[in-house]
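As structure tokens, the structure follows; a few thoughts come after it.
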Amino acid sequence: MAASTVVGREAVAPTILRVSDVEVVYKKSILAVRGLSLEVGEGSIVVLLGANGAGKTTVLKAISNLLGAESGHVTRGSIEYRGKVVTHADPADLVRDGLAQVLEGRRCFAHLSVEENLVMGDSATRRTRSDLKAEIERMYVLFPRLRDLRRRSAGFLSGGEQQMLAIARVLVSRPKLVLLDEPSMGLAPQMVEEVFESVRELNQRSGVSFLVAEQNAAVALAYAHHAYIVENGRVPRGGTAAELLAEDDFHALYLGGSADDRERAAVARPRRPEFTLRG
Ligand code: ATP
Numbered sequence: 017m018a019a020s021t022v023v024g025r026e027a028v029a030p031t032i033l034r035v036s037d038v039e040v041v042y043k044k045s046i047l048a049v050r051g052l053s054l055e056v057g058e059g060s061i062v063v064l065l066g067a068n069g070a071g072k073t074t075v076l077k078a079i080s081n082l083l084g085a086e087s088g089h090v091t092r093g094s095i096e097y098r099g100k101v102v103t104h105a106d107p108a109d110l111v112r113d114g115l116a117q118v119l120e121g122r123r124c125f126a127h128l129s130v131e132e133n134l135v136m137g138d139s140a141t142r143r144t145r146s147d148l149k150a151e152i153e154r155m156y157v158l159f160p161r162l163r164d165l166r167r168r169s170a171g172f173l174s175g176g177e178q179q180m181l182a183i184a185r186v187l188v189s190r191p192k193l194v195l196l197d198e199p200s201m202g203l204a205p206q207m208v209e210e211v212f213e214s215v216r217e218l219n220q221r222s223g224v225s226f227l228v229a230e231q232n233a234a235v236a237l238a239y240a241h242h243a244y245i246v247e248n249g250r251v252p253r254g255g256t257a258a259e260l261l262a263e264d265d266f267h268a269l270y271l272g273g274s275a276d277d278r279e280r281a282a283v284a285r286p287r288r289p290e291f292t293l294r295g
């Protein structure tokens, strides 16, 4: 791990991911992301907030180079992961190098059991049998409910359980950075909290960094060290939860939900205050 740098009196986390001035075009004509820049500090949870169609998923797929299947291309800018330019890297190499993505919609193999899904998570790393067994055991310790469900077909799990499984499956490859797309989608509020609690636990226990695309700003801000707003394929602003919440129009624009939601976000206190990321 690179040493932290110090700016003024604040320690700044070393950067694990840097997206600089990236532009993405689908089908040679649809400009989905334009001049977008962001950073993720090592060991931090960063969220991308934004409405439907803002460009969040496109950014995540650009980072893990999964746009090709949809005729999407990064046409400008650069993406650096762990100090290396990976703008057009092979997605499987990225996984082997610790960059993993949980796609939107918690895509599990519905007809396979929970445990078989976890085994599939190892396809890029290919451990020995005993290492893989130990890794799956680690997942059951992190997500005890999955142990109870290990023989059940993934298609019969609840939405929240499928989200846990989707996260556990990528964790089997021992990632350093996880890109998580809309984990709250379609989940009951309590399940959303549970999913974010496991993200926080993984972050604190294992130092895994997260870049989370999320529409539920209230919950996401309660867990994030840093957040960026995505609008029309750009990032017009970013900051800590406290900084964003202090902005005049932020509540009206992004926390239109209940008073409970606003209160939850307002008391948001990231638990790694030693990391202050550049906005
Ligand atoms: P959501 O929360 O609805 O997934 P998002 O913020 O993740 O939204 P994207 O899915 O990245 O947004 O979409 C950004 C823009 O790119 C939108 O205008 C969308 O219509 C367009 N887009 C996304 N995928 C494709 C595709 N495969 N082909 C063409 N245009 C696309």
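Using the working numbering, you'd call the opening residue of the sequence shown number 17 and step up by one each time. Glycine included, every Cβ here is placed at the ideal spot set by N, Cα and C.
Whose C-alpha, out of the options, is nearest the C-alpha of residue i?
i: Phe212; options: Val56, Arg142, Ala150, Gly176; result: Gly176
i: Val63; options: Pro160, Gly202, Gln231, Leu261; result: Gln231
i: Val90; options: Tyr97, Leu115, His104; result: His104
i: Pro252; options: Gly71, Val41, Ser45; result: Gly71
i: Ala234; options: Gln220, Ser80, Ala257; result: Ala257
i: Val41; options: Ala67, Glu86, Ile61, Asn68; result: Glu86
i: Arg123; options: Ala262, Val186, Ser45, Glu39; result: Val186
i: Val194; options: Gly114, Lys100, Ile245, Lys149; result: Gly114
i: Gln178; options: Leu128, Ala268, Ile79; result: Leu128
i: Gln220; options: His241, Met201, Lys100; result: His241
What is the DSSP secondary structure of residue i, counted as helix, strand or coil?
i: Glu96; result: strand
i: His267; result: helix
i: Gln117; result: strand
i: Gly57; result: strand
i: Ser274; result: A caution first: Ser274 carries a pLDDT of 48, below 50, which makes its placement in the model too unreliable to give a value.
i: Phe212; result: helix
Taking all protein chains shown into account, do 16 or more other C-beta atoms lie within 10 angstroms of the C-beta of residue i, making it buried, or fewer, making it exposed?
i: Thr31; result: buried
i: Lys77; result: buried
i: Gly88; result: buried
i: Ser274; result: Confidence at Ser274 is low in this model, with a pLDDT of 48, below 50, so its placement is unreliable and the value that follows should be read with caution. Burial call: exposed.
Less than 8 Å between the CB atoms is what I'm expecting for residue i and residue j, so what's the real figure, rounded?
i: Val228; j: Ala236; result: 6 Å
i: Leu83; j: Gly249; result: That pair is no contact at about 13 Å.
i: Leu218; j: Ala243; result: The Cβ separation is near 19 Å, so there is no contact.
i: Glu198; j: Glu120; result: 5 Å
i: Pro191; j: Ala140; result: Their Cβ separation, rounded to whole angstroms, is 10 Å, which puts Pro191 and Ala140 out of contact at 8 Å.
Are the CB atoms of residue i and residue j nearer to each other than 8 Å?
i: Gly59; j: Ala126; result: no
i: Ala184; j: Leu162; result: yes
i: Val49; j: Leu33; result: no
i: Val35; j: Leu54; result: yes
i: Arg143; j: Glu131; result: no
i: Val188; j: Leu134; result: yes
i: Leu196; j: Val118; result: yes
i: Arg98; j: Asp37; result: no
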